[in-house]
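Protein chains in written order, with this note's numbering: chain X, 1 to 138; chain D, 139 to 276; chain L, 277 to 414.
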Amino acid sequence: MNHYQQTLRIQTTGKSLTRITRQIETTVSDAGIEMGLCTLFLRHTSASLVIQENADPDVLVDLENFFAKLVPESGYYIHSAEGPDDMPAHIRTALTHTSEQIPIARGRLVLGTWQGIYIWEHRQRRHHRELVVHISGN
Amino acid sequence: MNHYQQTLRIQTTGKSLTRITRQIETTVSDAGIEMGLCTLFLRHTSASLVIQENADPDVLVDLENFFAKLVPESGYYIHSAEGPDDMPAHIRTALTHTSEQIPIARGRLVLGTWQGIYIWEHRQRRHHRELVVHISGN
Amino acid sequence: MNHYQQTLRIQTTGKSLTRITRQIETTVSDAGIEMGLCTLFLRHTSASLVIQENADPDVLVDLENFFAKLVPESGYYIHSAEGPDDMPAHIRTALTHTSEQIPIARGRLVLGTWQGIYIWEHRQRRHHRELVVHISGN
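What follows is the structure in structure tokens.
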């Protein structure tokens, strides 16, 4: 049993999903684990993780549009000092995921055909986001 | 430390929750792990995992009704070529879970008394869904 | 590779978030794992886990206000025998998290500067909630 850990620094763009499948696959490959588990952990509270469709980019636009409407910046929030997009970003993070797990088989993530891994930036401006990739297995 | 991995193929029914607690418990029992961790990973983007009440089936109906209203098929979505239920299914998946983890103690999942494990089918039609069960421990 | 498991019993207050970062850090420290993974699993379906901002307590109030409005107690639910707050509590749990994972490095959780770990009580009354902490690593 081995453990392997790496922190990736990902550049996002504002209010959109950035696909990171390839970086994670490279990290898994570097770890040399044949069978095991890959855990992703995002070190932020205004960006999150989702596993979503990787084929039609319109899906990503619809996701963003839906969440922008569900958690409007025009809503009333007590916590407003960091800008109108900050509290909605915290709520959107609570509604999605800070951690994700994907098993590894034959040295590769067992993602379905249509699954991609994304960081969802919930702030208006782009950010550098830190993602810890933890891999365990044999 | 051992790793054990199995892919289950689960038949769902449209727009409803299918309980899979028993299949997962059987898989854990087969793995022969006394103390460890069970990770579930669903290889799809229009169905998801939730851990929910296992007693009153009305809870499952209320969950489905709430999500049907929160993410209406009648909404405007750019991604509409795969039918009116497809984009809502992706959004409902983002709002729930693609992976879940349940610790194992004394050879069994540490589920609470009222917790059941469910696959939530978000499309109108039934599907076969692939669930990877990854178990590690001693 | 070692496994370590402990069940914490946490006292919540009604409809609010209780920070548990310190208890989890103590458990990680007790486990003596330098590099590994910490999994949290809440044994309930009307309370949940979130990783959220730890600085401004107003964020927690805004989170609660948003969810109270998104999943109103005044809504129509078939499952109503356990009180008007019970079915909304199940829905709020589905929208947030029953399990969370946080990698461990140099004996500590790799939480970001602004991240705290919370149990979110979704019922009106305070409860004792059981949280299983599973730690694996070297």
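All C-beta atoms, glycine included, are put in the ideal place defined by N, C-alpha and C.
- Apart from the 5 residues on each side of it in sequence, X:Val110 sits with its Cβ closer than 8 Å to the Cβ of Ile102, Pro103, Ile104 in its chain, given in chain order.
- Contact annotation: D:Ile229 and X:Phe66 have beta-carbon atoms nearer than 8 Å.
- Around the CB of L:Glu310, fewer than 16 other CB atoms lie within 10 Å, so the residue is classed as exposed.
- Residue pairing by DSSP places D:Arg267 opposite D:Ile148 in a beta bridge.
- Only those residues of the stretch 78 to 91 of chain X whose C-beta falls short of 7 Å from the nearest C-beta of chain L are listed: Ile78, His79, Met87, His90, Ile91.
- Taking C-beta separations shorter than 7 Å and ignoring five residues to either side along the sequence, X:Arg22 has no partners in its chain.
- At a cut-off of 8 Å, the C-beta of L:Thr303 has no neighbouring C-beta in chain X.
- For the stretch 231 to 259 of chain D, residues whose beta-carbon sits nearer than 8 Å to a beta-carbon of chain X comprise Thr231, Ala232, Leu233, His235, Thr236, Ser237, Gln239.
- Listed in chain order, the non-local C-beta contacts of D:Asn276 below 8 Å within the same chain comprise Met139, Asn140, Ile171, Glu172, Met173, Gly174, local neighbours out to five positions each way being set aside.
- A distance below 8 Å separates the beta carbons of L:Ile395 and L:Thr294.
- Taken in chain order, the members of the stretch 163 to 188 of chain D whose beta-carbon sits within less than 7 Å of a beta-carbon on chain L are Met173, Gly174, Leu175, Val188.
- Taken through DSSP and simplified to helix, strand or coil, X:His79 comes out as coil.
- Segment contact: the stretch 263 to 272 of chain D against the stretch 182 to 193 of chain D, three or more CB-CB distances shorter than 8 Å; contact assigned.
- Per DSSP, reduced to three states, the secondary structure at D:Ile171 is coil, with no helix or strand assignment.
- Within the same chain, and ignoring the five residues on either side of L:Ala307 in sequence, the residues whose Cβ sits closer than 7 Å to its Cβ are Tyr280, Ile411.
- The C-beta distance from X:Thr27 to X:Gln6 rounds to 5 Å, short enough to meet the 8 Å contact threshold.
- Nearest in C-alpha terms to X:Val132, of all of X:Ile20, X:Arg123, X:Ala68, is X:Ile20.
- Among the residues of chain L, none has a CB under 8 Å from the CB of D:Leu146; the nearest is roughly 19 Å distant.
- Note on the stretch 364 to 410 of chain L: whole beta strand (DSSP E) runs with a minimum of 3 residues are 375 to 381, 391 to 397, in chain order.
- For X:Ala55, the number of other beta carbons within 10 angstroms of its own is below 16, and it is reported as exposed.
- Within the same chain, Cβ atoms closer than 6 Å to the Cβ of D:Met225 are found at Tyr215, His217, the five residues on either side in sequence being excluded.
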